[in-house]
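Asks:
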Amino acid sequence: MKRQLLSVNLFIALALILTACAPVDTAPAATAMQEPPAERQYGGTLNFWQPSWDGSKDWFHHIKRDEVTTWMWEELFWTTTGSFIPVLATGYDVSDDGLVYTVHLREGVKFHDGEDFTAEDVKYSFELKYDPGILPPEALKAEAERVEGLFAYKQGEEGADEITGIRIVDDYTVEFVLTDPDPSFFPGFLGYVEHPMMPKHVLETLDRDELVAGTSDYWVTGPIGTGPYQFVEHVPGQYVEYARFDDYWGGKPGPERVFVKFAPIETAIIMLEKGELDIVWEAPAEEAVRLQDNPDIDVLVADNVMGFWIQTPNWHAGDGLWQNPKAKQAMLHAADRQGYVDNVMHGLGVVRHSWFHGTPFECPNLVEYDYDLDKAKALLDEIGMTADKRAEYNLSLTVYPGNKMRVDYAVMLHEAYTQLGFKTNVDLIDAASWADYRNGRGPRGTEFDFAIANWGPGTNPYVLEPYMVGTVDLGYWPLDVERDYHWNEFSANAEEAADLWGKIFAETDIEAQKPYFQQLDCILNEEVFIPHLIGESWIALKSKRLQGIDLDLNVSVYIVPMMVDMANWWIWDPEADSQ
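9 is the number of the first residue of the sequence shown in the working numbering; add one for each residue after it.
As structure tokens, this is what we get:
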């Protein structure tokens, strides 16, 4: 049954974003066609939506794979919940002592220029990813820290001109040597979706400084990979065009062309209904409800696969407010999260009270922070943030508009914290500027309270370890400004947490690790190290003519859902060449 949609008025204007201007290729409405055939068809143009893109200002984007580059770049493996999918590798072995991972590469894989993919490309790709000259905004993976020689290489230490722990055995075999056994190494490193393989034979001929700085013309004129589609053109702010790679190792892809079009979500929905887009992922719940009876559109839903959470700097005005768990407990009590799930998300989500809430690692004695405005005020009074002080406190939230439900949630928080007596404002930041803003390089510098993001334990429950045991300083390589702070939710440094992580890493079996993860979640829940807010269902709206999507796969390969299986997609078109 459809629920009444809660009307939310945005009080801040969105920045003007160019609507995608790629050539329009629309197909006859699905109602004018028969049922789709069982076998894949070949031909046509696939139009994919992306809200905006960091790469619009820097294609290189730290060699990071996303929904824009996934069409042409691939990894060794995809880690899924409890398993993995071989991509450019066929499998791996682990030595008895847990220190050597031997990866077996897929033979017969070609780059888009026809050259073979080999072990040389694997070693080169990792050394490029962790080049000392690349300054990523995200944390270095703790698992990478355990690869022999990688830390020294990344630090640019004298004589460390290679990663010694990545060893080429032969053309199709690579060894990864660790300094210590690490049960998180596969999901967090080898199977991590942000390690795409690059063509050594091309990149080694280019200027290394320009390459790692992202200023090389290569990244905007002709990057290549091993994926099902090859780069054609990038028009910043409008689209990226790809062409089918007929020699793809996984078999000939379906569509002849792909356009990744950039547009605000509101425009994207209109384009989908007009047949100018074939899929809108991370769609708003109200649109899923509105379009569920549209004969030309399929509504795909994966339940509660990612969560809203809040990043909180611990240095705001030096007052340490958000270092106090009771302040964050008050923040949770002040928001009517269940009302938001029921009315704004139309039930397509759940309230979450801890990092692992809803997973096998959930705390067995979970404290629930239900909506209670009086309790929120009492907690703030208890820690000295009385009504008169709240009236003078400028509380700022930031969110980027690619996910409308997240924006609406920011509006709800604005209303909740205003009721608590705070002076509250919301900044809507486009995705291209999101990392800069979070890292203190936006218009507010380091003077903001909350950044609302999407994240979750996903396929790698070990992802929190480097932050909770006090090694977060190793996670952020120097940026263009000196960083002298941690994110509050990642600065636990609790002895008990460190002890639990030690017990987790001493076990190789996930079931043996489970009770320690549950105890860890109880700490996260009580201390609110990570203010986890909502478990959001992942909604994709697609045209009837787009076939071959496995939504469950796409929501299971990362800490947040990510489209990865585009090689299997095809366009149902009466004029397509069925082979």
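Using N, Cα and C, we set each Cβ at its ideal position, and we do this for glycine too. For clarity, every value in this text was computed on a predicted model and none was experimentally measured.
Please classify ILE278 as buried or exposed, where buried requires at least 16 other C-beta atoms within 10 Å of its C-beta.
Replies: exposed
Asks: Closest to ALA251 by C-alpha separation, out of PRO244, GLY258, ALA506, PHE239, would be which residue?
Replies: PHE239
Asks: What residues in its chain sit with their C-beta under 8 Å from that of ASP255, if we drop five residues either side in the sequence?
Replies: LYS118, GLY122
Asks: Entirely within the region 335–362 and at least 4 residues each: give me those alpha helix (DSSP H) ranges in chain order.
Replies: 345–351
Asks: Counting C-beta neighbours from all protein chains within 10 Å, is the total for ASN402 16 or more, i.e. buried, or is it exposed?
Replies: exposed
Asks: What is the rounded straight-line gap between the Cα of TRP578 and the Cα of ILE171?
Replies: 40 Å
Asks: From this set, TYR50, TYR109, PRO539, GLU504, which residue's C-alpha is nearest ARG265's C-alpha?
Replies: TYR50
Asks: Tell me which residues share the same chain as PHE456 and place their Cβ nearer than 7 Å to its Cβ, disregarding the 5 neighbours each side in the sequence.
Replies: Taking PHE456 as the centre and dropping the five residues before and after it, the same chain places the C-beta of SER404, THR406 closer than 7 Å to its C-beta, in chain order.
Asks: For ARG553, count neighbouring C-beta atoms within 10 Å of its own C-beta (all shown protein chains included) and say buried if the count is 16 or more, exposed if not.
Replies: buried
Asks: Just the Cα atoms here: how many angstroms apart are PRO44 and ASP311?
Replies: 26 Å
Asks: Cutting at 7 Å between CB atoms, please list the residues of its own chain near GLY366, excluding the five before and the five after it.
Replies: ASN312, VAL358, ARG360, GLY543
Asks: How is the beta strand (DSSP E) around ALA548 delimited, first residue to last?
Replies: 540–551
Asks: Would you check if there are 3 or more beta carbon pairs closer than 8 Å linking the region 372–385 to the region 330–347?
Replies: yes
Asks: For VAL489, which residues in the same chain have their Cβ closer than 6 Å to its Cβ, ignoring the five residues on either side in sequence?
Replies: Note on VAL489: pLDDT 35, under 50, position unreliable in the model; the coordinate value appears next. Nothing meets the Cβ criterion.
Asks: If I measure Cβ to Cβ from LEU428 and keep anything under 8 Å in the same chain, skipping five residues before and after, which residues do I get?
Replies: Excluding positions up to five away in sequence, the list reads ALA338, ALA342, LEU381, ALA384, LYS385, LEU388, ARG398.
Asks: Opposite ILE287 in the DSSP bridges: which residues?
Replies: Beta-bridge annotation (DSSP): ILE287 is paired with PHE56, LYS550.
Asks: When you compare the CB positions of VAL194 and TYR109, do they come within less than 9 Å of one another, or not?
Replies: Here the sequence assigns Phe to residue 194, which means Val is not the residue at that position. Contact annotation: PHE194 and TYR109 have beta-carbon atoms nearer than 9 Å.
Asks: Could you check the C-alpha separation between LEU107 and PHE184 for me, to the nearest Å?
Replies: 8 Å
Asks: Quick test of the definition: if touching needs 3 or more C-beta pairs under 8 Å, does the region 120–138 touch the region 211–227?
Replies: Judged by pairs of C-beta atoms under 8 Å, the region 120–138 touches the region 211–227, as three or more such pairs exist.
Asks: I need the straight-line Cα distance from GLY589 to ARG48, nearest angstrom please.
Replies: Residue 589 is absent from the structure shown; the chain starts at 9 and stops at 587.
Asks: Which partner residues does ILE93 have in the DSSP bridge list?
Replies: For ILE93, which the question treats as bridged, DSSP gives the partners TRP86.
Asks: When DSSP builds the beta bridges, which residues end up paired with ASP306?
Replies: LYS550
Asks: Do three or more CB pairs link the region 525–541 to the region 366–375 at distances below 8 Å?
Replies: Taking 8 Å as the limit for Cβ pairs, the verdict is that the region 366–375 does touch the region 525–541.
Asks: Between which two residues does the alpha helix (DSSP H) carrying SER133 extend?
Replies: 127–137
Asks: Indicate the three-state DSSP secondary structure (helix, strand or coil) for TRP578 in the structure shown.
Replies: strand
Asks: With distances taken Cα to Cα, identify the nearest neighbour of LYS269 among THR98, GLY259, ILE287, PRO263.
Replies: ILE287
Asks: Given a cut-off of 9 Å on the beta-carbon distance, is the pair GLY199 and PHE364 in contact?
Replies: Contact flag unset, no.
Asks: Are the beta-carbon atoms belonging to GLU82 and GLY233 less than 9 Å from one another?
Replies: yes
Asks: Between which residues of its own chain and PRO231 is the CB-CB distance below 6 Å, once the five residues before and five after are set aside?
Replies: PHE239
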